[in-house]
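Participant: Following this message is one structure expressed as structure tokens.
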Amino acid sequence: MEDNRAILNAGNAAISNANYEGFLVRCTEDTEWVFVGDQTLHGKEAVRQWMAESYLEPPQNEVDALIAERNFLIATGSISVKNKAGKTTKSSYCDV
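Numbering follows full-length UniProt numbering, in which position 52 of the sequence shown is assigned residue number 52; successive positions increment by one, without gaps.
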């Protein structure tokens, strides 16, 4: 069985290679993405649709810290996403 760090690193590598399904296969069906002050995505299908609309090219992901304990994993970092106008926006994230 993969440990949580390996699962996250494999998922991030998939996203970096535009393999969004390779990332989503590592998510639970009830995954929830909260964009503070903006929106919340409920479920894998909502994340899939958001990725299709938002990741016009693979985002640049930088993991600053990984904390793994028992069955928990917390990751903090930043992600840079290019929009339709070609402008790149860098955002901070915390995955739990």
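Where a beta carbon is used, it is the ideal one built from N, C-alpha and C, also for glycine.
Let's test the definition: count the other Cβ atoms within 10 Å of the Cβ of residue 72 and tell me whether it reaches 16, buried, or not, exposed.
Facilitator: exposed
Participant: Given this structure, state the Cα-to-Cα distance separating residue 56 from residue 19, to the nearest angstrom.
Facilitator: 12 Å
Participant: Where does the unbroken alpha helix (DSSP H) through residue 87 begin, and where does it stop?
Facilitator: It is not in any alpha helix (DSSP H) - residue 87 carries neither H nor E in the DSSP assignment.
Participant: If you draw a straight line from the alpha carbon of residue 75 to that of residue 64, how long is it in whole angstroms?
Facilitator: 7 Å
Participant: Decide if residue 11 is buried, meaning its Cβ has at least 16 other Cβ atoms within 10 Å, or exposed.
Facilitator: buried
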